[in-house]
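Novice: Under the numbering used here, think of the first position of the sequence shown as 22, with each following residue one higher.
In this text, a Cβ means the ideal position worked out from N, Cα and C, and glycines have one as well.
Note that this is a predicted model, so its numbers are computed, not measured.
Sharing a structure, written as structure tokens. Questions coming.
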Amino acid sequence: MRTLTVAAAQMGPIQKADSRESVIARMIALLDQAKAAGAELVVYPELALTTFFPRWYHEDRAEADIWFDTQMPGPATQALFDRAREHGIAISFGYAEKTPDGHHFNTSILTDKTGAIVGKYRKVHLPGHVEYDTERTHQHLEKRYFEPGDLGFPVWRALGGIIGMAICNDRRWPETYRVMGLQGVEMVLIGYNTPSVNSQRGNEGIEKRLFHNRLSVQAGAYQNATWVVAVAKAGDEDGHHLFGGSLIVDPNGEIVAEAKTEGDELLVHACDLDETKFGKSTIFDFARHRRIEHYGLITSRTGAEPPPEV
Ligand code: CDV
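The structure is reproduced here in structure tokens:
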């Protein structure tokens, strides 16, 4: 048995006017609760330090730089890293990263139990659009403010297991989990900010969206025999509602913990990383059963006509 006790630290809304210090104080309060509950790893949401700013249009993109961090840890976040180190707890959270050479990414990091950053992931699947869209009920300008992640989907040997990260929209894409699954991932950490309504389909309400959240996360866990910890930022941010529904899902695809509120809420579960072994050595033993052939090989063997060129 290899137990990693994880805490999914769901966060309630962060308003535009909230200071970075007030957000860090909330994150530290969750960290203290997690320590009392025996957690070894605390996972916070996507863009945990700020409101979900891609809903706000800035004609001059540089104005959005107020939401970005250029240093991690930096002046505002140092206190969180310090408390995590004091507690001997690893943390993972998302933030808007501006690199020294001026690139912008939607990023998450993983630390070890001493507060040292051991992993960095940059969001690959950026939803939304670049320009102001008058057809939508609300804006989703991730493509305006971020570049697609340039680090792939790596995994890290950390905390006694093999850990990977993904961010929000990534969780809906099977290859997110599979790329990490092929590297033996045992726990995937995912933060998200998901509006309760579809900006392009008004009748798609919160129940359908929570269903798609569970469907994606549970399928990713089961099909890759991995734990998945999916953590929301939830509630009403300046009149824009995000759903909660944070989840911890086991390698059978079953939910072992689910958030009940839309506020700051901790879900704690002792995850046995060895529970991934059964699936990885039987139905999802990729080395034995996974046979992806090049399309040309299949057509030459079966005589099937390739699709017409378009
Ligand atoms: N932050 C996100 O990536 N949100 C998307 C919304 C726009 C659908 C998501 O997949 O949850």
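(1) Does the Cβ-Cβ distance between residue 286 and residue 280 come in under 8 angstroms?
(2) Does the beta-carbon of residue 217 have 16 or more other beta-carbons within 10 angstroms, so that it is buried, or is it exposed?
(3) In three-state terms, what does DSSP make of residue 276?
(4) Using only CA atoms, which one of 213, 190 and 186 lies nearest to residue 200?
(5) What is the DSSP secondary structure of residue 134, counted as helix, strand or coil?
(6) Return the first residue and the last residue of the beta strand (DSSP E) that residue 270 is part of.
(7) In angstroms, rounded to a whole number, what distance separates the CA positions of residue 130 and residue 111?
(8) Quickly, what does DSSP pair residue 219 with across the bridge? List them, please.
(9) Relative to the alpha-carbon of residue 146, which residue among 244, 196 and 160 has its alpha-carbon at the smallest distance?
(10) Can you tell me the Cα-Cα spacing of residue 204 and residue 282, whole angstroms?
(11) So for residue 103, helix, strand or coil by DSSP?
(12) Quick one: Cα of residue 142 to Cα of residue 321, how far?
(13) Between which residues of its own chain and residue 104 is the CB-CB distance below 8 angstroms, once the five residues before and five after are set aside?
(14) Along the beta strand (DSSP E) that carries residue 153, what are the first and last residues, could you check?
(15) Taking 8 angstroms as the limit between beta carbons, can you name the residues of its chain near residue 264, skipping five residues before and five after?
(16) Please look up how many angstroms separate the CB atoms of residue 246 and residue 305, rounded, as I've assumed it's under 8 angstroms.
(17) Spatial neighbours of residue 140 within its chain, please: CB distance less than 6 angstroms, with the 5 preceding and 5 following residues excluded, ordered by chain position.
(18) Pop quiz: residue 267 and residue 291 are said to be a contact at Cβ under 8 angstroms. What is the actual Cβ separation, rounded to whole angstroms?
(19) Confirm the yes/no value for this check: CB of residue 78, any heavy atom of the ligand CDV, distance under 7 angstroms.
(20) Taking only three categories from DSSP, how would you classify residue 239?
(21) Can you tell me whether residue 124 is helix, strand or coil according to DSSP?
(22) In whole angstroms, what is the alpha-carbon distance linking residue 183 and residue 329?
(23) If distances are taken between C-alpha atoms only, which option among 35, 119, 30 and 83 comes closest to residue 169?
Specialist: Let me lay it out:
(1) Here residue 286 is taken as the residue at index 265 of the sequence shown, counted from 1. Here residue 280 is taken as the residue at index 259 of the sequence shown, counted from 1. Cβ distance < 8 angstroms, so residue 286 and residue 280 count as in contact.
(2) In the sequence shown, counting from the first residue as 1, residue 217 sits at position 196. By the neighbour-count rule (16 or more Cβ atoms within 10 Å), residue 217 is buried.
(3) Position 255 of the sequence shown, counted from the start, is the residue given in the question as residue 276. If DSSP states are grouped into helix, strand and coil, residue 276 belongs with the strands.
(4) Counted from its first residue, the sequence shown places residue 200 at position 179. The candidate whose alpha carbon is nearest that of residue 200 is 186.
(5) As a first step, residue 134 is located in the sequence shown; it is residue number 113 there, counting from the start. In this structure, DSSP gives residue 134 a state outside helix and strand, which the three-state scheme calls coil.
(6) Numbered from its first residue, the sequence shown carries residue 270 at position 249. Note, residue 270: beta strand (DSSP E), 268 to 270.
(7) On the sequence shown, position 109 is the one that residue 130 refers to. On the sequence shown, position 90 is the one that residue 111 refers to. Using only the alpha carbons, I get a separation of about 10 angstroms.
(8) Counting from one through the sequence shown, the residue named residue 219 turns up at place 198. Residue 219 is bridged to 222.
(9) Mapped onto the sequence shown, residue 146 falls at position 125. Looking at the Cα atoms, 196 is the closest of the given residues.
(10) Taking the first residue of the sequence shown as 1, we reach residue 204 at position 183. Taking the first residue of the sequence shown as 1, we reach residue 282 at position 261. The straight-line gap from Cα to Cα measures roughly 34 angstroms.
(11) Sequence index remark: in the sequence shown, residue 103 carries index 82 (1-based). Here residue 103 sits in helix by DSSP.
(12) In the sequence shown, residue 142 corresponds to position 121, counting from 1. In the sequence shown, residue 321 corresponds to position 300, counting from 1. So the alpha carbons of these two residues sit roughly 40 angstroms apart.
(13) The residue given as residue 104 occupies position 83 in the sequence shown. Around residue 104: 49, 52 and 53.
(14) For this step, residue 153 is matched to residue 132 along the sequence shown. Annotation: residue 153 is outside any beta strand (DSSP E) and is labelled neither H nor E by DSSP.
(15) What you label residue 264 is simply residue 243 of the sequence shown in a count that begins at 1. For residue 264, the CB contacts under 8 angstroms within the same chain, skipping 5 residues up- and downstream, are 215, 216, 217, 227, 230, 231, 234, 253, 255 and 283 in chain order.
(16) Here residue 246 corresponds to residue number 225 of the sequence shown, with the count starting at 1. Here residue 305 corresponds to residue number 284 of the sequence shown, with the count starting at 1. Right, the Cβ-Cβ distance comes to about 5 angstroms (below 8 angstroms), so this counts as a contact.
(17) Within the sequence shown, the letter at position 119 stands for residue 140. Excluding positions up to five away in sequence, the list reads 131 and 177.
(18) Against the sequence shown, residue 267 aligns to sequence position 246. Against the sequence shown, residue 291 aligns to sequence position 270. No, residue 267 and residue 291 are not in contact; Cβ-Cβ is about 17 angstroms, not under 8 angstroms.
(19) Here residue 78 refers to the residue found at position 57 of the sequence shown. Outside the cutoff, so no.
(20) The sequence position of residue 239 within the sequence shown is 218, counting from 1. DSSP places residue 239 in helix when its eight states are reduced to three.
(21) Taking the first residue of the sequence shown as 1, we reach residue 124 at position 103. Taken through DSSP and simplified to helix, strand or coil, residue 124 comes out as coil.
(22) What you label residue 183 is simply residue 162 of the sequence shown in a count that begins at 1. What you label residue 329 is simply residue 308 of the sequence shown in a count that begins at 1. One C-alpha to the other measures close to 43 angstroms.
(23) Stepping through the sequence shown from its first residue, residue 169 is reached at position 148. For residue 169, the nearest C-alpha among the options comes from 119.
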